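Next up, the structure:
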């Protein structure tokens, strides 16, 4: 049975907030807490899908080795996310590896408890189905982007997604809340480390982002959104406020996005080259 600390963490997650104390205790009956150090694996690709999980604290990275031997970053797991849902997809093995980006805490349930878990806790079951549906949609979007978008668009969209999911306000913009390398971004977007480094250096000169060791901060959401839509900024973007911020309407939209990300970050603080031979259904099980 998880500790009182786990109960406190669970109460701050949207996934478990609707449950009464009795329902929460019942949901946790078969759960086992596990702590992962940075770089440690929750499970490896190809291992038996013996458990499904919920992340309580920290951040995890889902990676997959393609048939050509390349590693790709499929997505990141944030607190409150379910992962390791191979049992829900009737898969006997995990289709990807999950690694801790930073020290993390999760709960694990035995895979054989999945059916009874879904039946006994329909609220959690509905959220799990929504999660898999969203991952299917995200997988289709990723595949489409790799097929049709320019590299700059893909990298811009990847950073925007990460900021929207895990943004934290900083003194100079909105930072991705976990350590992320340029190689990680390259593996998310099907490109090379050299290309990502070149793009981030160019965007840094234009005042769109700032970056350092395992750190990316978005300074101009409007400008990066324009790049994600293949609308090219002016050449003197670093000194051109209208290019960095977009039109007044875009400025307002960007401000709304910043406020929304900041609110999400504040709530969290208060609460304590996709390969062609991989199907979207596989991605949903991660």
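In UniProt numbering, the protein residues as written are 1 to 286. Heads up, the beta-carbon is just placed ideally off N, CA and C, and yes, glycines get one too. Since the model is a prediction, treat every value here as computed from it, not as a measurement.
Query, Result
"Along the chain, where does the alpha helix (DSSP H) containing residue 141 start, and where does it finish?", "122-148"
"Does the distance from the C-beta atom of residue 101 to that of residue 82 stay below 8 Å?", "no"
"Leaving out five residues before and five after residue 131 in sequence, what residues of the same chain have Cβ atoms less than 6 Å from its Cβ?", "82"
"Around the C-beta of residue 79, are 16 or more other C-beta atoms found within 10 angstroms, so that it is buried, or is it exposed?", "buried"
"Are the stretch 87-102 and the stretch 14-22 touching, with three or more C-beta to C-beta distances below 8 Å?", "no"
"Do the stretch 55-74 and the stretch 116-130 meet, that is, are 3 or more Cβ pairs less than 8 Å apart?", "no"
"Closest to residue 217 by C-alpha separation, out of 200, 13 and 187, would be which residue?", "200"
"Tell me residue 173's beta-bridge partners as DSSP assigns them.", "170"
"What is the DSSP secondary structure of residue 20, reduced to helix, strand or coil?", "coil"
"Using DSSP with H/G/I as helix, E/B as strand and the rest coil, what is residue 347?", "Only positions 1 to 286 of the chain appear in the structure, and residue 347 is not among them; the question remains open."
"Considering only the beta carbon of each residue, do residue 60 and residue 99 sit closer than 8 Å?", "yes"
"Quick check on DSSP: helix, strand or coil for residue 158?", "helix"
"Let me confirm a value: residue 211 is counted as buried when at least 16 other C-beta atoms fall within 10 Å, else exposed. Which label applies?", "buried"
"Do you know whose CA, among 230, 134, 207 and 133, lies nearest residue 148's CA?", "230"
"For residue 157 and residue 141, I'd like the C-alpha separation in whole angstroms.", "11 Å"
"Suppose the cutoff is 6 Å on Cβ atoms and the five residues either side in sequence are ignored; what does the same chain contact list for residue 184 look like?", "73"
"So, is residue 133 buried or exposed, given that buried needs 16 or more other C-beta atoms within 10 angstroms?", "exposed"
"Between the C-alpha atoms of residue 35 and residue 170, what's the straight-line distance to the nearest angstrom?", "28 Å"
"Is the Cβ-Cβ distance between residue 62 and residue 75 less than 8 Å?", "yes"
"Leaving out the 5 sequence neighbours to the left and right, which residues in its chain are closer than 6 Å to residue 174 when beta-carbon positions are compared?", "163, 167, 218 and 261"
"Taking its Cβ as the centre, do 16 or more other Cβ atoms sit within 10 Å of residue 16, making it buried, or is it exposed?", "buried"
"Quick check: residue 110 and residue 47, are their CB atoms within less than 8 Å of each other?", "no"
"Ordered along the chain, which non-local residues of its own chain (more than five positions away) have a Cβ less than 7 Å from that of residue 152?", "199 and 227"
"Short of 8 Å in beta carbon distance, which residues of its chain neighbour residue 40, apart from the five on each side in sequence? Order them along the chain.", "99 and 100"
"Which of helix, strand or coil does DSSP assign to residue 59?", "coil"
"My understanding is that residue 31 touches residue 107, with C-beta atoms under 8 Å, so please give their C-beta distance in whole angstroms.", "4 Å"
"Would you mind working out which of 197, 194 and 221 sits nearest residue 207, comparing C-alpha positions?", "221"
"In whole angstroms, what separates the C-alpha of residue 12 from that of residue 33?", "16 Å"
"Cα separation between residue 14 and residue 94?", "26 Å"
"Does the distance from the CB of residue 58 to the CB of residue 103 come in under 8 Å?", "yes"
"So, are the CB atoms of residue 155 and residue 181 less than 8 Å apart?", "no"
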